[in-house]
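Just below is one structure, and these are the notes that go with it.
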Ligand SMILES: C[S@@+](CC[C@H](N)C(=O)[O-])C[C@H]1O[C@@H](n2cnc3c(N)ncnc32)[C@H](O)[C@@H]1O
């Protein structure tokens, strides 16, 4: 080994790492607590980050900005040339998004309900990736799905959040309190579907949209909000 070359290179790399130049911008995912109720969970965010990195979507649409957590995850994974369009209906989110947009030039916010999606919102382009995490309402989700499907390609993916069930043994007082403001259903004494309409929405897709396939990600080993990936059913080119 050539130590003269090795040592300065090693020092340079260590310095770069310590100064943050070499690090992936995903550190914030790992330092966050795991089970925030209103946002994607940490583990789910790491999955989303990896998925976006794999897919490298050009156009991403997110329904449900809240305070910009999932937007941050998506924006940290897409390149500068890709765009994120986010929707929310509260003044709180509108104001937070206008601050957020100042530091993200490829972020665009629409202050309107998800089912009011219109192609002109996204410059009539195709959508590569969609995150649905907004109304938690079956009819609104169905109307949204019908609006966005003409803009999907064979490769587009939709992630629908909150399709999992909460295991009672992991629930805290905060989780029980949250159930007062969500439409939920105890499936048995030990498990509650904390956003039952998101599950009904997936069942609606399975029953009515046979050109699509769904894959569910949940867990009974931890408190998991869960999500479902939805994509076009198709044969691969051979
Ligand atoms: C669960 S939070 C979104 C969390 C966010 N995706 C995250 O992980 O950081 C749901 C958000 O959807 C918004 N929302 C509710 N109904 C909506 C609708 N019909 N259209 C668009 N946004 C809606 C709420 O105001 C709220 O900010």
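In the numbering used here, the protein residues as written are -17 to 220. All C-beta atoms, glycine included, are put in the ideal place defined by N, C-alpha and C.
I'd like to confirm the pairing. Which residues does DSSP put opposite residue i in its beta bridges?
| i | result |
| --- | --- |
| residue 168 | 174 |
| residue 197 | 211 |
| residue 66 | 42 and 89 |
| residue 113 | 44 and 141 |
| residue 149 | 173 |
| residue 134 | 109 |
Does the distance between the C-beta of residue i and the nearest non-hydrogen atom of ligand 1 fall short of 7 Å?
| i | result |
| --- | --- |
| residue 48 | yes |
| residue 205 | no |
| residue 123 | no |
| residue 226 | The structure shown does not extend to residue 226, since the chain is modelled only from -17 to 220, so the question has no answer here. |
| residue 20 | yes |
| residue 280 | A query on residue 280 cannot be resolved here, the shown segment of the chain reaching from -17 to 220 and no further. |
| residue 164 | no |
| residue 29 | no |
| residue 80 | no |
| residue 72 | yes |
Among the options, which has the Cα closest to the Cα of residue i?
| i | options | result |
| --- | --- | --- |
| residue 46 | 125, 211, 116 and 188 | 116 |
| residue 230 | 218, -8 and 37 | It is not possible to answer for residue 230, since the shown part of the chain is limited to -17 through 220. |
| residue 73 | 49, 202, 150 and 34 | 49 |
| residue 197 | 205, 188 and 25 | 188 |
| residue 137 | 109, 31 and 102 | 109 |
| residue 279 | 162, 194 and 144 | Outside the displayed span of the chain (-17 to 220) sits residue 279, for which this structure offers no information. |
| residue 173 | 41, 191 and 207 | 207 |
| residue 175 | 83, 41, 195 and 200 | 200 |
| residue 135 | 120, 150, 102 and 215 | 215 |
So, for residue i: in the same chain, excluding its five sequence neighbours on each side, which residues have a beta-carbon less than 7 Å away from its beta-carbon?
| i | result |
| --- | --- |
| residue 97 | 122, 125, 126 and 129 |
| residue 142 | 114, 180, 183, 184, 209, 210 and 212 |
| residue 153 | 205 |
Applying the 10 Å Cβ sphere with the 16-neighbour rule, what's the burial state of residue i?
| i | result |
| --- | --- |
| residue 39 | buried |
| residue 158 | exposed |
| residue 171 | exposed |
| residue 218 | exposed |
| residue 79 | buried |
| residue 104 | buried |
| residue 32 | exposed |
| residue 155 | exposed |
| residue 169 | exposed |
| residue 81 | exposed |
| residue 75 | buried |
Given residue i, which residues of its chain have a CB within under 6 Å of its CB, disregarding the five upstream and five downstream residues?
| i | result |
| --- | --- |
| residue 95 | 71 |
| residue 178 | 165, 166 and 167 |
Cutting at 8 Å between CB atoms, please list the residues of its own chain near residue i, excluding the five before and the five after it.
| i | result |
| --- | --- |
| residue 44 | 52, 53, 56, 66, 67, 68, 69, 112, 113 and 115 |
| residue 30 | 22, 52, 55, 56, 59, 113 and 141 |
| residue 100 | 129 |
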